[in-house]
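So for the sequence shown, the working numbering puts the first residue at 254; every next one is plus one. Here's the structure, in structure tokens; my notes come after.
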Amino acid sequence: MTTTVNVGLGARSYDIVIGAGLIDQADRSIAPLLAGRRPIIITDDQVAATQLPRLERALGADCQAIILPAGEATKSWQQLERLTDALLNLGVERSDKLIALGGGVIGDLVGFAASILKRGCGFIQVPTTLLAMVDSSVGGKTAINVRAGKNLIGSFHQPSLVVIDPSVLATLPDRQMRAGYAEIVKYGLINDAAFFAWCESHAAKLLARDPDALATAIAHSVRTKAEIVAADERETKDQRALLNLGHTFGHALEADTGFSETLLHGEAVAAGMALAFGFSAATGRCATDDANRVTQHLDAIGLPASLAAAHVTG
Ligand code: GLY
254 MTTTVNVGLG ARSYDIVIGA GLIDQADRSI APLLAGRRPI IITDDQVAAT QLPRLERALG
314 ADCQAIILPA GEATKSWQQL ERLTDALLNL GVERSDKLIA LGGGVIGDLV GFAASILKRG
374 CGFIQVPTTL LAMVDSSVGG KTAINVRAGK NLIGSFHQPS LVVIDPSVLA TLPDRQMRAG
434 YAEIVKYGLI NDAAFFAWCE SHAAKLLARD PDALATAIAH SVRTKAEIVA ADERETKDQR
494 ALLNLGHTFG HALEADTGFS ETLLHGEAVA AGMALAFGFS AATGRCATDD ANRVTQHLDA
554 IGLPASLAAA HVTG
């Protein structure tokens, strides 16, 4: 079954399609948007080993693949230059739609490259991590990291389509599943107590990759995000800022741990949300019981919910 969620942004509206096996059917969803141009897929060396052959098979023999190193360090000036040089060498035109096959790093980098290449070409997101599926592939935030901090150079550039195939999660490491789950819980915590309660009772199933639990959580998350993005695309009206719950603390924790594997982005967001709720409770903005409930849930599923658990030293 395929679920479709539309991000309503006028002329820049696009669909998010969700369904197991959609990568194998990219000839139906992605190919029509390429208008006969050859598919150009950008991915990383880990995803290339598992998912690239599926997408290439579906899209046909003339695919071009650009494979970048996996990891946060790829969101850099150096890799942006490498990528844009490679794309220019391939003769990319403004009418092309680059295909970003990967997690948040690939999606953010390819989206940024697409926003500046020849003053802007199109791109399609095919997220392969839970975190990218429920957050970074939707909404058009693109960026690289620079010396002064994370995501400080970037653009708003909406994709033309997001293809979410939860079957790719079968090979995603458990730690990455948990990190992505932090962004799912976030949707419950920002404005949806019933969904947070659902998370409390379904987290174990979801993390065990139960197809129904995953389908429910992914669809709910992208629907919520699509509504917020449609209402406040550029974060100028205080609505999209809700999606940054835990991120201010989280980015500081990531900086302290050197944007490294020590603390994945989703783990930093989990710890950041626990700290944000703790701060709110300490300053009388929420009930201590609510803050404790958040910490207990994150802790119970193995996400860091304190500075110590986030390996922060200072
Ligand atoms: N990840 C937060 C946002 O897309 O606004």
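For every residue, glycine included, the Cβ atom is placed at its ideal position computed from N, Cα and C.
Here the region 408-415 makes contact with the region 372-383; the two share three or more CB pairs at distances below 8 Å. Cβ contact annotation for residue 385 (same chain, cutoff 6 Å, sequence separation greater than five): 356, 357 and 360, in chain order. Judged by pairs of C-beta atoms under 8 Å, the region 538-558 touches the region 419-435, as three or more such pairs exist. Residue pairing from DSSP leaves residue 278 without any beta-bridge partner.
Using a 10 angstroms sphere on the CB of residue 454, the tally of other CB atoms stays under 16, which defines it as exposed. Between the region 299-315 and the region 516-529, the count of C-beta pairs closer than 8 Å stays below three; the two stretches do not touch. Judged by DSSP in its simplified three-state form, residue 506 adopts helix. The straight-line gap separating the alpha-carbon atoms of residue 506 and residue 339 is approximately 34 Å.
As for any alpha helix (DSSP H) of minimum length 4 sitting wholly inside the region 431-503, the runs are 446-460 and 464-484, ordered along the chain.
Shown here, residue 315 sits in coil according to DSSP, grouped into three states, outside any helix or strand.
Taking C-beta separations shorter than 7 Å and ignoring five residues to either side along the sequence, the partners of residue 277 in its chain run 307 and 311, following chain order.
Taken through DSSP and simplified to helix, strand or coil, residue 561 comes out as coil.
Annotation for residue 552 indicates a beta carbon at 7 Å or more from all heavy atoms of ligand 1.
The beta carbons of residue 532 and residue 543 sit no closer together than 8 Å. Relative to residue 456, the option among 427, 511, 280 and 545 whose CA is nearest is 427. Inclusion of residue 336 and residue 294 in the CB contact set at 8 Å is not warranted, their separation being larger than that value. Distance between residue 304 and residue 534, taken at the CA atoms: about 44 Å. Residue 405 counts as exposed, since fewer than 16 other C-beta atoms from the protein chains shown sit within 10 angstroms of its C-beta.
Exposed is the label assigned to residue 331, since fewer than 16 other Cβ atoms lie within 10 Å of its Cβ.
For residue 544, the uninterrupted alpha helix (DSSP H) segment begins and ends at 541-553. In this structure, residue 388 has its CB closer than 7 Å to one or more heavy atoms of ligand 1. When secondary structure is reduced to three states using DSSP, residue 411 falls in the coil class, being assigned neither helix nor strand.
The beta-carbon separation of residue 489 and residue 565, rounded to 32 Å, does not stay under the 8 Å limit for a contact. If you compare the alpha carbons of 401, 465, 452 and 396 with that of residue 419, the shortest gap goes to 465. Under the DSSP assignment, residue 257 falls in the beta strand (DSSP E) whose first and last residues are 256-260. Per the coordinates, the alpha-carbon of residue 491 lies some 15 Å from the alpha-carbon of residue 479. Under the DSSP assignment, residue 285 falls in the alpha helix (DSSP H) whose first and last residues are 284-287.
In this structure, the beta-carbon distance from residue 387 to residue 475 falls below 8 Å. If you draw a straight line from the Cα of residue 287 to the Cα of residue 559, it is about 46 Å long. Using a cutoff of 7 Å, the CB of residue 259 does not count as near ligand 1, since none of the ligand's heavy atoms is closer than that. Residue 424 counts as exposed, since fewer than 16 other beta carbons sit within 10 angstroms of its beta carbon.
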